[in-house]
Every structure is written in C-alpha cells, then in structure tokens.
Amino acid sequence: MLLSGLVYPTTDIRIYPFPGSLDPLFPKPQGLIENEWPPTQVRYLGIYLGQLGCKTILIEGHYMDRDYVDDVALFYSRSLRSYPNYCQRLHFFSEAFDQDAWHSLVINVASRGKAATFLQDSYLGFCVVKPLPGSPLGRTVLPTLGPVAQSGAQRSFGAVRPYQVHLAGFDLHVTGLVFQQQDQGVSACATTALWSAMHNVTKAEGLTVMTPAEITEAASRYALPTGRALPSEGLTIQQICEATRAAGLQPVLIPSVSLDHDRAQLLAYLSSGFAPVLALQPLSGTGVGHAVCAVGLKIDQVQPQTNPSLHFKDRATSVTGLYIHDDRLGPYAAAELVPWTADNGKVRTAVFIRWPDADIPVEQSYLQAIIVPVPSKLRMSLTRIRALAHGLVEAAAVLFPEFTDRIVFNCRYQLRNDYLPRAIEFGLSESGLYDLQCKTVLSRFVGLIEITNEEEPLFDILLDATETLANPSALGIVRRQGLPAKYLPDLKNIALQLAARMIV
Amino acid sequence: MRNELKAGSSPRGEDDSVKSNEERVRRALESARQAVKPIVKQEMEGELVSNELLSVRLRSHR
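Listed in order, the protein sequences are those of chains A and B.
So the numbering used here is basically just the index in the first sequence, starting at one, shifted up by 1.
So the numbering used here is basically just the index in the second sequence, starting at one, shifted up by 6.
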C-alpha cells in the first residue's frame, strides 16, 4: 500500500483546568534527552501563568504557525524524521470553564456577544507548541505583570504591542511581546532575542516581521565568521546588525560603558517603544556569550546628583532593573542592574536574572553591549540628545533657582502623532496650542527632552530626530504647567539661543 | 520735558535690558555646557565600537 499523501490532519479543541503547572502537558519524549525534562522554559511558563491567575487551558489541536512553517521549510523538512508542518496552540484564561461550557459558548448564536466578552475579559494569551522534541515552546504572547512590583517599584513595559488572536470564530486580543524558546536548529539565543526585539518596531513601521529562519539566513548571508549557518551556532554582534538591516531597520550598537550610561540608554529606548537586544557575558569572564531581549523597566526613585558641582537629577538613575525575554528561562524574567567590579578593577554593569518565584539569581552576567533595532529615519543618537540635555538642564537649574537640585531631565523618542494629541493636556494658551498643532514642523519621530521638577513637568524640548547633531536641531520648546510665569522670559531666551520655536 | 526725556529713553532702556537678559541666558548655557563636558565626553567616547565587540559570538544554549 503506497502513501497517498492526501490526508488532512484532524483537529479538535480541548479544555483543561490549569493544574498549577504546565509539566503534565509535556510528556517526556522518547530517547535520551540532553537537558532536564520538562525544559526550564516549560516550568517557568507554568509559574508565570500561576502568577497571572490562569484557571483554564484551551488546546487547539491543529495550528499553522508562520514562524514554525518557515523553520520547517528551511531546516526540518530536510531531516530524515518526518516533522509535521503544523503545531498545537495553547490558550490561557483566568476564568474556569469546562468542555461543555466551551461548547455552549461556540454554538449559542443568540449570546455570541456575551461569549466573546467573557472570553476576552479572561484571556491571558497563547503559546504555540512545536512538534520538536527538545524545544517545544514556539511563539508565545502573554500579558505583562501589573504596574507595581512587590517592592513598590514601578513596572513599565514600553516595547509591548497588541496581538490579535483568532479562535473558533472569536477575535481575541492580548498585549505583550512575543517570546519563544531557541530550537538550536534554526535559531540560537541571538536569533530569538532579535526576533522578539523587532516584533514591535517592524509592525509599527509597516514592515514585514521576519521569522527566526529569515533572521538566521539574513545574518549569515554576507558574514559567517566561524562555523555553519545551520544548525545555528549563534550569531556575532556584527551578524545581528546585518540581520537588522535586512529587516529594513537600522541597528544602534551601544557598548556598555557604565551603569549610569547603560541605564540611560535602556530607559530611553524602552520608553520609546524599542526593545533592545542585550549581549551578555558570564561574570567569570569566560564562557559563551548570551543574548536576551529587554521588554520592560523596573523603576524606583530618582537618585540625588553625585557630582556636587551640578544641580540637576537624571531620570535614568531611577532604573533599578529590567524585564527580559530570556529564551533559556521565559518571558518577562526579572533582572537587576547592579555595578560590579571586574577583575581589572573597572566597574561594569552586571545583570542578575531571577526566576519569578525566587530571590536568588539564576544567572549573573556582565552587560557587554546593547543593540537596538530602530527605524531608518531615527538618526539622532540618544547620546547626542543627552549631550544637549545635560547642558540645558544644568542651565535651567541655575536660571530657575526655585528648582535648583530638584530639576530632573529625561530623554527619549516619541512619534509626532503621539506627542501632539498629548499636548492638548499641557495647559497651553490657545495661540500656543495652535502654534504647536498647526505651525510647527515636526519630524515623524521627535527627540524629546523632558525637564521636570520632582512633581510636575516644566518644559519639553523637541528635536528633529532625522538630524545627526542635537544642538542645531531644536524645533521647539514647549512650556508645561509646572513652570512659573516669572521664568518665561528666560525660557524664551533659551529658545532664542537654540533657534527653536517657543510654544507657551 | 524731563518726563518726555524719560519716556524717550525707555525703548533704548528696554532694548538694553532685553539684550542683557539674552546675554545672561547665553552665558548660563555656556557655563552649563562647560560644567557637564566631562559627563558628555565620557558618554560620547562610550559610543566607539571596536572590532573585538563586533566579533563577540552569542550562542548560549539551554
């Protein structure tokens, strides 16, 4: 009997109560497994879902995943073993319901709207399960944890976006950033970190989101310093940059210099919606490097100025940690940023990564570099924006004595189309508001220097982010509510010196 | 007459005051720029990328 090759796979949707762990859903595959089973990522995901309050798991038996299909086409289809080209998909819900309830939700046409609301209100995201024995976790999108950490610190996730999910005729949404486990065939850690990092910005820029297979191919097309492209032996930083350019973006490569500098870069890019790839090196200084994708920030109090001759504070000093996608662990893993004295006596930035339910770090590394995929038109580097900001905020601290030692600056990028609607709440005069909305030319992304006191904003400086130098590229200075009228003449003179439009 | 003279001298006085305020702010900006120069220099130098860094391979498995 010869194979006809015309058989379609069957499918169904099954509902299970969440047992507090995902381990029972992932039976050990046949043969010897090199690493522990279930994989760390599966155990991590179970704990994270527990923290989100998961009560029900829905399993789609047949799911075509674009990223996995590309992996199959590039790599797995040429294996002796016949890998299916389809996956399963798990959906997670915070409400308890069973198979009968699900059946009613689907078939009861009259209460379809109520069913959709019920499902959406309790939806906690999805996880694609690939038919790969050692690395089952594929594309996974889960919501972030709440805005306040147990310590009281703020959590801020700037690089997440909404994902639409189609399930049995229902349209569901989850906001997060995509994560997956490296498969070591098509992708290593650097590929998956870059894949996550580009997911938000490519979508926002109207570009096609590259699959891990496409990233590995693009990275190895012109530069293959050692080894082979497939199975993936990891990527060099140069290859990460190459793949970023192939996606239609530009890589901003920032070597780690000091904790202050690194925190400033991470705060600015993450709060601007750009997820950076972090290149890490074990604290021992030896061993292979690792890549993770930063998704969010842990923010505490702004620290006092340490240089007695300066009179301002830097918002970046409030960053105490990160939330990262670590493909060896899971999504939104907590990571502390700490100063660490290296063997050569130099103080470097160390990254301590933790499990969601533990105090002891699972991994301790140095930060080597930050690679941020950004749109091509974003040309002005953050360092140049900060160079201008440092001088302006120090001058403001002197000119506005009421705020000396209490004035804080922050630098980031913002889309013009996000800044302008926000400006309606700035308390500008009618002519000022009209000036800003109708008479001020702004680049699509503006470099934004925000000057605040400890309680409220004082003024913003808008820079043309398509330029390279910050100093001659100030487009406008916008007065905010916190600036007393007595300081307006001096602010106008600052605008004059910068050749910027004054908006009051 | 004295009042006329006073009124007549006012625009020049205002001009001087405006110019002196502009100059005061310009000097404050320049002085601040000098004060933060070491920080700016350190951050700018940090942007320099070495070939060694470009060649770092990231491939940790687990």
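All C-beta atoms, glycine included, are put in the ideal place defined by N, C-alpha and C.
Note that the coordinates shown come from a computational prediction; the quantities given were computed from them, not determined experimentally.
Output, in chain order, the set of chain A residues within a Cβ distance shorter than 7 Å of residue i.
i: Gly52 (chain B); result: Pro256, Val258 and His262
i: Glu20 (chain B); result: Here the premise fails: no neighbours, minimum Cβ distance about 12 Å.
Cβ of residue i within 7 Å of any heavy atom in the ligand ADP?
i: Trp196 (chain A); result: Looking at this structure, you won't find the ligand ADP or any other ligand, since it has none at all.
Below 7 Å CB to CB, which residues in the same chain sit around residue i once its five sequence neighbours on both sides are set aside?
i: Pro213 (chain A); result: Asp68, Asp72, Val187, Ser188, Thr192, Thr193 and Trp196
i: Ser123 (chain A); result: Phe94, Ser95 and Glu96
Taking the alpha helix (DSSP H) that residue i belongs to, which residues open and close that run?
i: Glu337 (chain A); result: Here Glu337 (chain A) belongs to no alpha helix (DSSP H); instead the beta strand (DSSP E) covers Gly331 to Thr342.
i: Cys128 (chain A); result: Premise fails: Cys128 (chain A) lies in the beta strand (DSSP E), Tyr124 to Val130, not in any alpha helix (DSSP H).
i: Arg246 (chain A); result: Ile238 to Ala247
i: Pro44 (chain B); result: Lys43 to Glu51
i: Pro232 (chain A); result: Premise fails: Pro232 (chain A) is in no alpha helix (DSSP H) and is neither H nor E.
If we ignore side chains and look at the alpha-carbon of each, how far apart do residue i and residue j end up?
i: Trp38 (chain A); j: Lys29 (chain A); result: 7 Å
i: Lys204 (chain A); j: Asn27 (chain B); result: 48 Å
i: Arg63 (chain B); j: Gly448 (chain A); result: 32 Å
i: Leu400 (chain A); j: Lys493 (chain A); result: 12 Å
i: Val179 (chain A); j: His200 (chain A); result: 7 Å
i: Thr384 (chain A); j: Arg15 (chain A); result: 52 Å
i: Ser56 (chain B); j: Ala388 (chain A); result: 22 Å
i: Gly177 (chain A); j: Gln240 (chain A); result: 26 Å
i: Leu106 (chain A); j: Leu75 (chain A); result: 39 Å
i: Val253 (chain A); j: Thr57 (chain A); result: 41 Å
i: Met7 (chain B); j: Val394 (chain A); result: At Met7 (chain B) the pLDDT is 40, less than 50, meaning the model places this residue with poor confidence and gives no usable figure here.
i: Tyr488 (chain A); j: Ala370 (chain A); result: 41 Å
i: Arg407 (chain A); j: Gly54 (chain A); result: 41 Å
i: Leu434 (chain A); j: Glu215 (chain A); result: 46 Å
i: Leu499 (chain A); j: Ala390 (chain A); result: 12 Å
i: Arg44 (chain A); j: Asn345 (chain A); result: 38 Å
i: Gln181 (chain A); j: Pro309 (chain A); result: 47 Å
i: Gln48 (chain B); j: Ser259 (chain A); result: 9 Å
i: Tyr84 (chain A); j: Tyr9 (chain A); result: 15 Å
i: Glu29 (chain B); j: Ile361 (chain A); result: 56 Å
i: Glu10 (chain B); j: Lys25 (chain B); result: Summary for Glu10 (chain B): the model assigns pLDDT 44, below 50, so the residue's position carries little reliability, and this model does not support an answer.
i: Thr318 (chain A); j: Leu271 (chain A); result: 15 Å
i: Thr41 (chain A); j: Leu330 (chain A); result: 6 Å
i: Gly228 (chain A); j: Leu429 (chain A); result: 60 Å
i: Val505 (chain A); j: Tyr164 (chain A); result: 39 Å
i: Glu456 (chain A); j: Val303 (chain A); result: 12 Å
Less than 8 Å between C-beta atoms, sequence neighbours within five positions excluded: which residues of the same chain meet that for residue i?
i: Arg156 (chain A); result: Thr145, Leu146, Gly147, Pro148, Val149, Ala150, Gly297, Leu298, Lys299, Ile300 and Tyr324
i: Ser112 (chain A); result: none
i: Arg32 (chain B); result: none
i: Tyr420 (chain A); result: Leu443, Val447, Leu449 and Leu463
Tell me which residue opens and which closes the beta strand (DSSP E) that residue i is part of.
i: Ile14 (chain A); result: Ile14 to Pro18
i: Ile462 (chain A); result: Pro458 to Asp465
i: Asn411 (chain A); result: Ile408 to Leu416
i: Gln365 (chain A); result: Pro362 to Val375
i: Ser221 (chain A); result: That residue, Ser221 (chain A), is in no beta strand (DSSP E); its alpha helix (DSSP H) goes Pro213 to Arg222.
i: Gln155 (chain A); result: Gln155 to Ser157
i: Leu173 (chain A); result: Phe171 to Gly177
i: Thr141 (chain A); result: Leu138 to Val142
i: Tyr164 (chain A); result: Arg162 to Leu168
i: Thr350 (chain A); result: Val348 to Arg355
i: Met199 (chain A); result: It is not in any beta strand (DSSP E) - Met199 (chain A) instead sits in the alpha helix (DSSP H) that spans Cys190 to Ala205.
i: Lys314 (chain A); result: Phe313 to Asp315
Which chain B residues are close to residue i, counting only those with a beta carbon under 8 Å from its beta carbon?
i: Gln369 (chain A); result: Leu59 and Val62
i: Gln530 (chain A); result: No answer is possible for residue 530 (chain A): the residues shown for chain A start at 2 and end at 505.
i: His326 (chain A); result: The premise fails here: His326 (chain A) is roughly 14 Å from chain B at the closest Cβ pair, so nothing lies under 8 Å.
Given that residue i touches chain B, what residues does it touch there, using C-beta distances under 9 Å?
i: Ile450 (chain A); result: By Cβ distance, chain B contributes nothing, its closest Cβ being about 13 Å from Ile450 (chain A), past 9 Å.
i: Asp491 (chain A); result: Asn27, Arg30, Val31 and Ala34
i: Ala248 (chain A); result: What Ala248 (chain A) touches in chain B: nothing, since even the nearest Cβ is about 18 Å away.
i: Cys412 (chain A); result: Near Cys412 (chain A) there are no residues of chain B at all, since even the closest Cβ is about 11 Å away, more than 9 Å.
Pull up the CB-CB distance for residue i and residue j, whole angstroms please, since I reckon it's below 8 Å.
i: Val339 (chain A); j: Phe353 (chain A); result: 6 Å
i: Gly126 (chain A); j: Gly274 (chain A); result: So it is not a contact: roughly 20 Å between Cβ atoms.
i: Leu281 (chain A); j: Leu368 (chain A); result: 6 Å
i: Arg316 (chain A); j: Phe410 (chain A); result: 6 Å
i: Val363 (chain A); j: Ser66 (chain B); result: That belief does not hold up - the Cβ atoms of Val363 (chain A) and Ser66 (chain B) are roughly 13 Å apart, past 8 Å.
i: Val64 (chain A); j: Tyr49 (chain A); result: The question names Val, yet the displayed sequence has Tyr at residue 64 (chain A). Incorrect: roughly 21 Å between the Cβ atoms, too far for contact.
i: Ile60 (chain A); j: Gln31 (chain A); result: With 8 Å as the limit, Ile60 (chain A) and Gln31 (chain A) do not qualify as a contact, their Cβ atoms being about 21 Å apart.
i: Leu41 (chain B); j: Leu311 (chain A); result: For clarity, residue 41 (chain B) is Ala in the given sequence; the question names Leu instead. At roughly 6 Å, the Cβ-Cβ gap stays under 8 Å, so Ala41 (chain B) and Leu311 (chain A) are in contact.
i: Ala230 (chain A); j: Thr217 (chain A); result: 6 Å
i: Leu250 (chain A); j: Val375 (chain A); result: 6 Å
Name the chain B residues that come within less than 7 Å of residue i, Cβ to Cβ?
i: Asn345 (chain A); result: Correct list: empty, because the minimum Cβ distance to chain B is about 15 Å.
i: Leu569 (chain A); result: One cannot answer for residue 569 (chain A) here, as it falls past the ends of chain A, which runs 2 to 505.
i: Cys190 (chain A); result: Leu64, Arg65 and Ser66
i: Glu395 (chain A); result: Ala38, Ala41 and Val42
i: Asn494 (chain A); result: Asn27, Glu28 and Val31
Excluding sequence positions up to five away, which residues of its chain have a Cβ less than 6 Å from the Cβ of residue i?
i: Thr467 (chain A); result: Lys378, Arg380 and Ser444
i: Ala334 (chain A); result: Ile325, Asp327 and Ile354
i: Leu236 (chain A); result: Ala191 and Ala220
Using a C-beta to C-beta distance shorter than 9 Å, which residues of chain D count as neighbours of residue i?
i: Arg387 (chain A); result: Of the protein chains in the structure, A and B, none is chain D.
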